[in-house]
Amino acid sequence: MDRTVHPDIAYVLLEHERIQQRVQALADEITRDYANTQDLLLVGVLKGSVMFMVDMARSLQRHVALDFIAISSYGQSTQTSGVVRLLKDLDTDIGGRHVLIVEDIVDSGLTLAYLRESFQRRNPASLRICALLSKPERRQADVTVDYTGFDIPNEFVVGYGLDFAERYRNLPYIGVLRPAVYTQNAES
Ligand code: 5GP
0 MDRTVHPDIA YVLLEHERIQ QRVQALADEI TRDYANTQDL LLVGVLKGSV
50 MFMVDMARSL QRHVALDFIA ISSYGQSTQT SGVVRLLKDL DTDIGGRHVL
100 IVEDIVDSGL TLAYLRESFQ RRNPASLRIC ALLSKPERRQ ADVTVDYTGF
150 DIPNEFVVGY GLDFAERYRN LPYIGVLRPA VYTQNAES
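Following numbering that gives the first Met the number 0, the numbering of the sequence shown begins with 0 at its first residue and continues without gaps.
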């Protein structure tokens, strides 16, 4: 499909089809790894992981339960503060459950380090992390990501759930945002 690229996007990093293929491959791996486990709870981190979570859940060849948490993100900036605030907690008690956290992107790793620790305290039977994107160069926290979609360079990306100031989430591809967009925004 020939779609026009949004003018605020410098270039498309990952086409929609490429994302779909990778999500299916991850889902196949997860289906295999949890083959002997009756229970599997996917926990999506709102809002960035929504597209990934939905596509992942649909691609799994097994029963799966879904829950969501919401945490504070960058807001209008492109840099992490390192401070994570829980805006919406789980609806489910994860004690004794097999939990897989589904995240959009691991940057410094501080968010996932916080989540892993906070979830571990609730005594799940197992806890793993799946992230669509990772920027290995930027890692500050030593956090193990069990399933990674793509390693990407240190650029600010949007689309397929990822936003800047609540925009671009519905782009079907992942693209690098023109720096002028966030520079202008910071000045206004
Ligand atoms: P970390 O705590 O790993 O530094 O940051 C993770 C969170 O920062 C992600 O869940 C996401 O909300 C945000 N983030 C990090 N890098 C990017 C990026 O390139 N684009 C967007 N839109 N958000 C990002």
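Each residue gets a CB set at the ideal place from its N, CA and C atoms; glycine is no exception.
- Message: So, at 6 Å on beta carbons, what are the nonlocal neighbours of Pro135 in its own chain, with the 5 sequence-adjacent residues on each side left out?
- Response: So the qualifying residues of the chain are Asp150.
- Query: How big is the Cα-Cα spacing for Asp7 and Glu14?
  - Reply: Taking the Cα positions, Asp7 is about 16 Å away from Glu14.
- Give me the Cα-Cα distance between Gly174 and Ala64, rounded to the nearest whole angstrom. Each residue's CA atom was taken as its position, placing Gly174 and Ala64 some 30 Å apart.
- Item | From Leu109, Val156, Arg61, residue whose alpha carbon lies closest to that of Ile70 | Answer by Cα proximity: Leu109.
- Task: From the DSSP output, in three-state form, read off Asp32 for me.
- Result: Here DSSP, grouped into helix, strand and coil, assigns Asp32 to helix.
- Query: Roughly how many angstroms separate the alpha carbons of Gln60 and Thr182, rounded to a whole number?
  - Reply: Taking C-alpha positions only, Gln60 is separated from Thr182 by approximately 44 Å.
- Message: Going by beta-carbon coordinates alone, are Leu176 and Phe155 separated by less than 7 Å?
- Response: Yes, they are a contact pair.
- With C-beta atoms as the reference, is Gly208 less than 7 Å away from Asp103? Any question about residue 208 goes unanswered here, given that the chain covers just 0 to 187.
- Message: Tell me the rounded alpha-carbon separation between Asp162 and Ser107.
- Response: One C-alpha to the other measures close to 17 Å.
- Query: In three-state terms, what does DSSP make of Glu102?
  - Reply: In the three-state DSSP reduction, Glu102 falls in the strand class (E or B).
- Examine the Cβ distances between the segment 24 to 43 and the segment 93 to 100 and report whether three or more of them are shorter than 8 Å. Short answer: they touch.
- Query: What residue from Leu85, Gly43, Met55 has the CA that sits closest to Thr30's CA?
  - Reply: Per the Cα distances, Met55.
- Message: Give me the DSSP bridge partner(s) of Phe163.
- Response: Looking at the DSSP output, Phe163 bridges to Arg166.
- Task: Output yes or no for whether 7 Å exceeds the beta carbon distance between Val105 and Val49.
- Result: Their beta carbons are not under 7 Å apart, which means Val105 does not touch Val49 by this criterion.
- Query: With 16 other CB atoms within 10 Å as the buried threshold, where does Tyr172 fall?
  - Reply: Its Cβ being crowded by 16 or more others within 10 Å, Tyr172 is buried.
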